Amino acid sequence: MVTAARLGPEERARAWQDLDSRGVDVLVVGGGVTGAGVALDAATRGLRVAMVEQRDLASGTSSRSSKLFHGGLRYLEQLNFVLVREALKERELMLTRIAPHLVKPVKFLYPLKHRIWERPYVTAGLTLYDRMGGARSVPGHRQLTRTMARRIVPALKKDALTGALLYYDAQADDARHTMMVARTAASYGATVLTSAKVEELLRAGERVVGARVTDVETGESHEVSARVVINCTGVWTDEVQEMAGGRGRFRVRASKGVHIVVPRDRINAEAGMILRTEKSVLFVIPWGTHWIIGTTDTDWDLDKAHPAASREDIDYILDHVNEVLSTPLTHDDIEGVYAGLRPLLAGESEASSQLSREHAVARPQPGLISIAGGKYTTYRVMAADAVDAAKEDLGPGVVDSVTENVPLVGAEGYQALANQVERLARERGVPAWRVQHLLDRYGSLLTEVLDLGADDPSLLQPVPGAEEYLRAELVYAVSHEGALHLDDLLARRTRISIESPDRGIVAARDTAELVAPVLGWDAARISDEVAAYEARVAAERESQSEGDDLTANAERLAAPDIRARAVGRALD
0 MVTAARLGPE
10 ERARAWQDLD
20 SRGVDVLVVG
30 GGVTGAGVAL
40 DAATRGLRVA
50 MVEQRDLASG
60 TSSRSSKLFH
70 GGLRYLEQLN
80 FVLVREALKE
90 RELMLTRIAP
100 HLVKPVKFLY
110 PLKHRIWERP
120 YVTAGLTLYD
130 RMGGARSVPG
140 HRQLTRTMAR
150 RIVPALKKDA
160 LTGALLYYDA
170 QADDARHTMM
180 VARTAASYGA
190 TVLTSAKVEE
200 LLRAGERVVG
210 ARVTDVETGE
220 SHEVSARVVI
230 NCTGVWTDEV
240 QEMAGGRGRF
250 RVRASKGVHI
260 VVPRDRINAE
270 AGMILRTEKS
280 VLFVIPWGTH
290 WIIGTTDTDW
300 DLDKAHPAAS
310 REDIDYILDH
320 VNEVLSTPLT
330 HDDIEGVYAG
340 LRPLLAGESE
350 ASSQLSREHA
360 VARPQPGLIS
370 IAGGKYTTYR
380 VMAADAVDAA
390 KEDLGPGVVD
400 SVTENVPLVG
410 AEGYQALANQ
420 VERLARERGV
430 PAWRVQHLLD
440 RYGSLLTEVL
450 DLGADDPSLL
460 QPVPGAEEYL
470 RAELVYAVSH
480 EGALHLDDLL
490 ARRTRISIES
500 PDRGIVAARD
510 TAELVAPVLG
520 WDAARISDEV
530 AAYEARVAAE
540 RESQSEGDDL
550 TANAERLAAP
560 DIRARAVGRA
570 LD
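The C-terminal residue of the sequence shown carries number 571 in numbering that gives the first Met the number 0, and the numbering is unbroken.
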């Protein structure tokens, strides 16, 4: 079993020193799931790897998805069998071998509205969906009458369906999964650095030979030499390509997807739902003690770092889900809202919901590989393709990808610990449900989290204002998981920012004070972090009351990114 690497402050300082002292084979730009996947793929091929991310791991698209590992029923309807088969294979790998501690089965109800043609049509699709993935660790679909369907989802209006089908997919906390992929890469020798912004690509003639990278936390500049740079920046793909002095082989178009989060008791249901809309589909996804409902699919050409959800987006979701609910949801029911940008390959004339989710890899010039498109579920395949494309720059001797057989940290021993939840609860003095919660977030690493409570039992108490989490999880996030700011903790290492009606405001100061000793924060820095987080929440709330994208974007930008404030501190 590989030892899980720590991504704490000391390790971060050493990582910068290592980069200054020697170059790398592969420099990965972008810390979303694709970049983390590329770093892991390259490192497990025996290459020297560094991955740099200008903000936090998964701070863009990879923390703002529908949080599903799925084949994509709508892509099957578009006859994109290759993508669906590939995605279903990846779903199976995650459930059984790579990340069983993070990726879990989830069941969905597919309501039928038309009496004659729709059931055989959907049945044919779901039969194909069940079989395309090969080996299957989730049950096949089931036929349901209207009465049976309403027993599973009593919240449905009687006239909203004529019958239904029940099928299975899988889900995961996307931000947590991405972080675990990055941490696994570090465990196999990759250097992982957040708050590390690429300012310039270094060239020798037409060849890209590295990058000038700024440590956003200190303002220090570093030149990193590399045999190949792999651009995994999603909706920023074109900007990085322009740094190389040329246009890429493809261009990327941003499509905004908005989700809302409501309490579990607002929808009386034992399964999620997938609902057809005039544009695409709408998911109602079980999420612990909450539901996630989304998504929208609209073009976005404004700020890419902080896409804003407008009231129009939220009304669209509420209007469509309320068409089938006997007790409608209102704005007052919403606990959280988040917006993310899908990096779709540009060039097609269709609406963004019809653009292909297949990925593309290009080598626009020597020493530079760009990868874009794709979907979260197929990140591992995308990563392998990107490193394969880099062989031309890396030279002979690069072995094939092995990540199909590489479990993420925390996966080894997970099944054994799953059988010992009651024992662990007794020994640690923690309720069994909390141990299960930790097991499904950390896998076999949960003992590292619980060990923090040996010296300080108060760490095994819940976070004030966010009782689903333990205080130890916040300390662990900064000592082991690379969190550098309050926003990283409340929005990504935990999901307090979308799971609490106050959006994490109550937990903010206690959290900042708790992690301050690990991160070296003084009283002024604690106050600054809390103020920045409160400004973010206020700006998001304001943006969500605006009627359109332009005004919503302007309101969201009223709160600067905390890392921009870090740059200011570094220059003082």
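All residues carry an ideal CB built from backbone N, CA and C; glycine is no exception.
Computed from a predicted structure; not experimentally measured.
Below 9 Å between beta carbons: does that hold for residue i and residue j?
i: T33; j: A385; result: yes
i: A154; j: T326; result: yes
i: P306; j: N79; result: no
i: T177; j: A4; result: no
i: A206; j: H221; result: The sequence given here places Arg at residue 206; Ala does not occur at that position. No. Outside cutoff.
i: L160; j: Y128; result: no
i: M50; j: V260; result: no
i: R226; j: D24; result: yes
i: L39; j: A195; result: no
i: F249; j: S65; result: no
i: V280; j: I273; result: yes
i: D370; j: D392; result: Sequence check: residue 370 is Ile here, not Asp. Going by C-beta atoms, I370 is not nearer than 9 Å to D392.
i: E52; j: G22; result: no
i: G293; j: I316; result: yes
i: R492; j: A476; result: yes
i: A382; j: G247; result: no
i: L458; j: G428; result: no
i: A417; j: R96; result: no
i: S478; j: V536; result: no
i: V137; j: L94; result: yes
Which one of the options has the shortest CA to CA distance from residue i?
i: H258; options: G7, A268, T295; result: T295
i: D572; options: S62, A551, R54; result: With the chain covering 0 to 571 only, the question about residue 572 has no answer from this structure.
i: V583; options: E216, A243, R494; result: There is no way to answer for residue 583, as the model of the chain reaches only from 0 to 571.
i: R252; options: E238, S496, R263; result: E238
i: Y166; options: L143, E9, P363; result: L143
i: R118; options: H140, L458, E498, A388; result: H140
i: G339; options: T329, L324, D302, I370; result: D302
i: L201; options: L26, D318, E52, G71; result: L26
i: A35; options: G209, Y187, P516; result: Y187
i: E216; options: G394, T276, A12; result: A12
i: V398; options: S62, A181, R44, V37; result: R44
i: L72; options: Y413, S443, D168; result: D168
i: Q77; options: V405, L438, S457, E357; result: E357
i: S224; options: G209, G233, A174; result: G209
Return helix, strand or coil for residue i, following the three-state DSSP convention.
i: G271; result: strand
i: H289; result: strand
i: L139; result: For the sequence presented, residue 139 should be read as Gly rather than Leu. Note: G139 maps to coil in three-state DSSP.
i: L56; result: coil
i: D302; result: coil
i: L160; result: coil
i: D501; result: coil
i: F249; result: coil
i: L328; result: coil
i: M50; result: strand
i: Y532; result: helix
i: E466; result: strand
i: L18; result: helix
i: S351; result: In this predicted model, S351 has a pLDDT of only 39, less than 50, meaning its place in the structure is not dependable enough to derive any value.
i: N418; result: coil
i: E199; result: strand
i: R555; result: helix
Taking all protein chains shown into account, do 16 or more other C-beta atoms lie within 10 angstroms of the C-beta of residue i, making it buried, or fewer, making it exposed?
i: E480; result: buried
i: W592; result: Residue 592 lies beyond the range of the chain shown here (0 to 571); nothing can be said about it.
i: W15; result: buried
i: W286; result: buried
i: A522; result: exposed
i: N230; result: buried
i: W235; result: buried
i: V1; result: exposed
i: H69; result: buried
i: T288; result: exposed
i: L549; result: exposed
i: P516; result: exposed
i: A415; result: exposed
i: T329; result: exposed
i: R149; result: buried
Taking contact to mean 3 or more Cβ pairs, one atom from each stretch, closer than 8 Å, check whether the segment 463-470 and the segment 121-141 are in contact.
no
When the Cβ atoms of the segment 69-88 are set against those of the segment 370-379, are three or more pairs found closer than 8 Å?
yes
On the three-pair Cβ rule with 8 Å, is the segment 514-531 touching the segment 312-325?
no
Between the segment 309-317 and the segment 468-479, do three or more beta carbon pairs fall short of 8 Å?
no
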